[in-house]
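Structure first, then comments.
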Amino acid sequence: MEELKKNNEGDKDIVFSKTIKAGKRIYYIDVKKNRKDEMFLAITESKKVFNGEGETASVNFEKHKIFLYREDFENFMNGMQEAVSYIQNEQGELPSRKSSEDSEEIKIDLDFE
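Residue numbers (my numbering): 78 to 190.
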């Protein structure tokens with residue numbers, strides 16, 4: 078899942094990228110550099126959206142992006158941890174989900190009729 082984006086024309090400022098697949102959503106956490114060579118985070122949520130039905134149906138991706146700057150990391154992480162802890166205290170922790178990509182076990186389901 079972890080990938081380093083090459084410095085292509087469109088991605089000159091991305092120095093590190095992490096992709097997190099979560100159901101219908103994909104989260105991209107990119108470390109970028111600005112013109113002053115300062116690093117910051119660009120966090121993007123990409124969600125698959127279906128429009129129309131039948132032959133006129135189309136698939137689009139709705140994207141939302143936030144930028145998080147280095148001077149805000151500590152406050153952001155503290156706030157995020159507090160919010161996650163609140164949810165876990167109120168609703169309990171979710172069982173650990175291991176993605177099929179992380180699993181070493183190979184499963185094959187064949188159905189011959």
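Using N, Cα and C, we set each Cβ at its ideal position, and we do this for glycine too. On a predicted model such as this, the values are computed, not experimentally measured, just so you know.
For Ala119, there is no enclosing alpha helix (DSSP H); the residue is part of the beta strand (DSSP E) that begins and ends at 116 to 128. Taking a cut-off of 8 Å for Cβ pairs, the segment 121 to 133 and the segment 147 to 166 do not touch, as fewer than three such pairs fall below it.
With 16 or more other Cβ atoms inside 10 Å of its own Cβ, Asp107 counts as buried.
The straight-line gap separating the alpha-carbon atoms of Asn128 and Val136 is approximately 6 Å. In this model, Glu115 and Phe150 are separated by some 14 Å (Cα to Cα). Per the DSSP secondary-structure output, Arg102 pairs in a beta bridge with Ala99, Lys124. DSSP places Asn111 in no beta strand (DSSP E); its state is neither H nor E. The three-state secondary structure of Glu148, taken from DSSP, is helix.
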